[in-house]
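>
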Amino acid sequence: MDPSAAHTTCTSDAITPCAQPPEPTESEPSPIPPSPEEGQMFPEQRTLDDDRGLQPSEEDFREQKLLEANSKDNHGYRRIIRNFTPSWFSVNMGTGIVSILLHNLPYNGVWLYWISVVIFVLNVALFILFSFISLLRYILYPQIWTAMLKHPTQSLFLGTFPMGLATIVNMVVFVCVPAWGPRAITLAWALWWIDAAISVATCFYLPFVMFVNDFLTLCPLLHKLGKTEFLHSMYFHDTKLKTMTAAWLLPVVSTIVAAASGGIIADVLPNPSHALWTLTASYIFWGTGVPLAMAILVIYFQRLTVHSLPPREVIVSVFLPLGPMGQGGFAIMQLGAVAMKVFPVTGTLSARMTNAGEILYVVGWMIALIMWGFGLVWLFFALASISRNKFPFNIGWWGFTFPLGVFAVSTTQIGKEMPSRFFDVLGTGFSVSVALLWIVVATGTLRKALAGEIFFAPCLKDLEGKEEQWAKHYGEKFV
1 MDPSAAHTTC TSDAITPCAQ PPEPTESEPS PIPPSPEEGQ MFPEQRTLDD DRGLQPSEED
61 FREQKLLEAN SKDNHGYRRI IRNFTPSWFS VNMGTGIVSI LLHNLPYNGV WLYWISVVIF
121 VLNVALFILF SFISLLRYIL YPQIWTAMLK HPTQSLFLGT FPMGLATIVN MVVFVCVPAW
181 GPRAITLAWA LWWIDAAISV ATCFYLPFVM FVNDFLTLCP LLHKLGKTEF LHSMYFHDTK
241 LKTMTAAWLL PVVSTIVAAA SGGIIADVLP NPSHALWTLT ASYIFWGTGV PLAMAILVIY
301 FQRLTVHSLP PREVIVSVFL PLGPMGQGGF AIMQLGAVAM KVFPVTGTLS ARMTNAGEIL
361 YVVGWMIALI MWGFGLVWLF FALASISRNK FPFNIGWWGF TFPLGVFAVS TTQIGKEMPS
421 RFFDVLGTGF SVSVALLWIV VATGTLRKAL AGEIFFAPCL KDLEGKEEQW AKHYGEKFV
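In full-length UniProt numbering, the protein residues as written are 1 to 479.
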């Protein structure tokens with residue numbers, strides 16, 4: 001054979017390449033498994049809620065029960081405590097807003113007043129119960145607190161705690177202050193400062209968690225332990241636009257709710273100086289929450305445009321944008337009304353203008369009207385979204401009540417300054433609809449709770465399986 005024939009010269013139009021790379025053999029396995037692309041993860045690392053948000057499906061419940069069947073902590077009351085997520089405080093938000101709506105209806109009656117009082121007492125009892133269970137959860141299982149904070153969606157529901165408390169503070173002003181006098185004012189004011197501090201903490205900290213993740217905190221530890229290969233393959237719940245829901249608004253709206261409550265409390269404070277400081281702080285809270293909520297709505301609108309509607313398990317979240325629109329509008333109107341009374345008494349801005357409070361009130365009413373119009377757009381989007389397909393009942397249904405409720409509050413507040421009855425009638429219709437919806441959601445929640453089918457904490461699967469997943473990929477236990 002001609003030796004030259006055994007050598008093939010490469011040409012640009014050759015069909016086959018000159019040299020083929022050696023095929024890997026079974027005797028030479030790769031020491032490090034291929035790392036997923038950015039934003040991806042190994043199949044075993046997928047959490048139940050990566051594609052559906054917070055709410056699980058029936059298959060998820062069955063899988064969780066199989067995984068936890070042999071654990072003593074997942075039976076009876078221990079299972080309820082371990083799976084009692086912060087989203088349960090959305091029950092307080094929905095219950096509290098119903099009591100406020102029935103108390104402040106434009107067309108009211110004594111019987112509605114007493115119904116609102118009964119619902120208010122129920123809300124207080126639920127809030128105390130939920131707080132007690134939550135404390136037990138994090139005292140008995142302290143590792144769950146860290147896992148919950150690191151979870152991409154569950155941590156956002158920490159904002160429901162101060163918002164649920166704010167509804168109680170408002171009803172203390174509406175119901176207890178006329179009955180108890182100065183003692184109730186002091187109680188409401190003290191509770192409001194506590195609520196405001198928690199709201200600011202959630203509004204500032206939780207959005208920042210979206211910017212950074214545990215990768216920054218674990219890098220030094222992994223380098224120190226010689227686990228540098230982890231840095232290329234560990235998944236830290238990187239936020240992706242496709243998995244975004246309107247739940248991003250929850251920690252942000254908490255300061256808007258605190259601002260609205262501050263306006264209500266400042267209106268009854270007997271000391272003008274105390275009222276002025278409460279009013280000033282409330283304007284600041286409004287300024288921290290509303291612009292940030294608008295920025296999130298821009299991102300959320302892009303998410304809906306690029307990736308279509310959310311999955312049916314979390315489709316109810318499309319109502320959440322009504323929250324900052326309704327509560328933000330009511331808050332700016334209420335703060336303007338209080339400023340119109342407090343500024344002249346305290347001499348605020350009196351050196352330059354004599355009607356500074358009136359200006360704030362008029363401007364606030366106009367801003368509220370604009371926000372109400374923007375809320376109508378999101379209301380249409382929400383109603384059109386839920387009308388397309390059926391969706392299962394879960395704890396997320398409480399996302400119906402509070403956003404629609406605060407939008408109804410804003411509607412009735414606008415109507416108080418209008419010569420027409422249009423907004424009064426519309427606000428009454430919204431309020432009655434929210435009350436009926438509350439009955440439906442409360443009934444479904446009670447039925448599911450008695451059956452034990454609504455207690456589910458996605459972060460627990462991450463917590464229990466993390467070490468096993470790491471050991472499976474790298475052949476050793478990582479502690």
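Where a beta carbon is used, it is the ideal one built from N, C-alpha and C, also for glycine.
Could you give the DSSP three-state label for residue 186: helix, strand or coil?
Within the sequence shown, the letter at position 186 stands for residue 186. Reduced to three states, the DSSP call for residue 186 is helix.
> Taking a contact to mean a Cβ-Cβ separation below 8 Å, would you say residue 266 touches residue 166 in this structure?
As a first step, residue 266 is located in the sequence shown; it is residue number 266 there, counting from the start. As a first step, residue 166 is located in the sequence shown; it is residue number 166 there, counting from the start. Contact flag unset, no.
> Would you tell me roughly how many angstroms separate the C-alpha atoms of residue 246 and residue 103, rounded to the nearest one?
The residue given as residue 246 occupies position 246 in the sequence shown. The residue given as residue 103 occupies position 103 in the sequence shown. Residue 246 and residue 103: Cα-Cα distance of roughly 29 Å.
> Leaving aside the five residues before and after residue 248 along the sequence, list all residues of the same chain whose C-beta is less than 6 Å from its C-beta, in chain order.
Here the question's residue 248 lines up with position 248 in the sequence shown. So the list reads 296, once near-sequence residues are dropped.
> Taking residue 367 as the reference, give the member of 262, 327 and 380 with the closest Cα.
Here residue 367 refers to the residue found at position 367 of the sequence shown. Looking at the Cα atoms, 327 is the closest of the given residues.
> Taking 8 Å as the threshold (C-beta atoms), are residue 196 and residue 262 in contact?
If you number the sequence shown from 1, residue 262 lands on position 262. If you number the sequence shown from 1, residue 196 lands on position 196. Yes, they are a contact pair.
> What residue from 139, 179, 203 and 122 has the CA that sits closest to residue 155's CA?
The count along the sequence shown starts at 1 and reaches residue 155 at position 155. Considering only alpha carbons, the answer is 203.
> Enumerate in chain order the residues of its own chain whose CB-to-CB distance from residue 237 is below 6 Å, with the five nearest sequence positions on each side excluded.
In the sequence shown, the residue the question calls residue 237 occupies position 237. Residue placement at residue 237 is flagged as unreliable, the pLDDT there being 49, under the threshold of 50; a coordinate-derived value is accordingly withheld.
> Between the C-alpha atoms of residue 350 and residue 280, what's the straight-line distance to the nearest angstrom?
Translated into the one-based positions of the sequence shown, residue 350 becomes position 350. Translated into the one-based positions of the sequence shown, residue 280 becomes position 280. Distance between the alpha carbons of residue 350 and residue 280 is about 16 Å.
> Report yes or no: do three or more beta-carbon pairs, one from the stretch 377-391 and one from the stretch 299-318, lie closer than 8 Å?
Cβ pair count under 8 Å is three or more, so yes.
> Is residue 453 buried or exposed, if buried means 16 or more other CB atoms sit within 10 Å of its CB?
On the sequence shown, residue 453 is found 453 positions in, with the first residue counted as 1. When all chains shown are included, residue 453 counts as exposed.
> Less than 8 Å separating the beta-carbons of residue 315 and residue 385?
Your numbering for residue 315 matches position 315 in the sequence shown. Your numbering for residue 385 matches position 385 in the sequence shown. Yes, these two residues count as a Cβ contact at 8 Å.
> Just to confirm, is the Cβ distance from residue 149 to residue 169 under 8 Å?
Position 149 of the sequence shown, counted from the first residue, corresponds to residue 149. Position 169 of the sequence shown, counted from the first residue, corresponds to residue 169. Contact: no.
> Does the count of Cβ pairs from the stretch 76-90 and the stretch 393-410 closer than 8 Å reach three?
The stretch 76-90, when compared against the stretch 393-410, does touch it at the 8 Å Cβ threshold.
> If we ignore side chains and look at the alpha-carbon of each, how far apart do residue 251 and residue 425 end up?
Here residue 251 refers to the residue found at position 251 when the sequence shown is read from its first residue. Here residue 425 refers to the residue found at position 425 when the sequence shown is read from its first residue. When rounded, the distance between both Cα atoms is 32 Å.
> Taking 8 Å as the threshold (C-beta atoms), are residue 317 and residue 310 in contact?
Residue numbering aside, residue 310 sits at position 310 when the sequence shown is read from its first letter. Residue numbering aside, residue 317 sits at position 317 when the sequence shown is read from its first letter. Cβ distance < 8 Å, so residue 310 and residue 317 count as in contact.
> Leaving aside the five residues before and after residue 112 along the sequence, list all residues of the same chain whose C-beta is less than 7 Å from its C-beta, in chain order.
Taking the sequence shown and counting its residues from 1, one reaches residue 112 at position 112. Correct list, in chain order: 102 and 105.
> From residue 85 to residue 189, what does the alpha carbon distance come to, in whole angstroms?
Residue numbering aside, residue 85 sits at position 85 when the sequence shown is read from its first letter. Residue numbering aside, residue 189 sits at position 189 when the sequence shown is read from its first letter. If I take the Cα positions, the gap works out to 28 Å.
> Measuring alpha carbon to alpha carbon, tell me which of 193, 240 and 159 ends up nearest residue 482.
The structure shown does not extend to residue 482, since the chain is modelled only from 1 through 479, so no value can be given for it.
> Does the beta-carbon of residue 273 have 16 or more other beta-carbons within 10 angstroms, so that it is buried, or is it exposed?
Position 273 of the sequence shown, counted from the start, is the residue given in the question as residue 273. Its Cβ having fewer than 16 others within 10 Å, residue 273 is exposed.
> Measure from the alpha carbon of residue 77 to the alpha carbon of each residue in 440, 210, 134 and 109, then state which is nearest.
Here the question's residue 77 lines up with position 77 in the sequence shown. Minimum Cα distance to residue 77 is reached at 134.
> Report, in whole angstroms, the separation of the C-beta atoms of residue 430 and residue 408, which I expect to be a contact under 8 Å.
Counting from one through the sequence shown, the residue named residue 430 turns up at place 430. Counting from one through the sequence shown, the residue named residue 408 turns up at place 408. Confirmed, Cβ separation roughly 3 Å.
> Between the C-alpha atoms of residue 412 and residue 428, what's the straight-line distance to the nearest angstrom?
Translated into the one-based positions of the sequence shown, residue 412 becomes position 412. Translated into the one-based positions of the sequence shown, residue 428 becomes position 428. Roughly 7 Å between the two C-alpha positions.
> Find out if the Cβ-Cβ distance for the pair residue 286, residue 329 is shorter than 8 Å.
Along the sequence shown, one-based indexing puts residue 286 at 286. Along the sequence shown, one-based indexing puts residue 329 at 329. For residue 286 and residue 329, no; Cβs fall outside 8 Å.
> Work out the CA separation of residue 131 and residue 253 for me, nearest whole Å.
Reading the sequence shown from its first residue, position 253 is the one you call residue 253. Reading the sequence shown from its first residue, position 131 is the one you call residue 131. Approximately 20 Å between the Cα atoms of the pair.
> For the alpha helix (DSSP H) holding residue 333, just list the boundary residues, first then last.
Here residue 333 refers to the residue found at position 333 when the sequence shown is read from its first residue. It spans 322-346 - the alpha helix (DSSP H) in which residue 333 sits, taken as one unbroken run.
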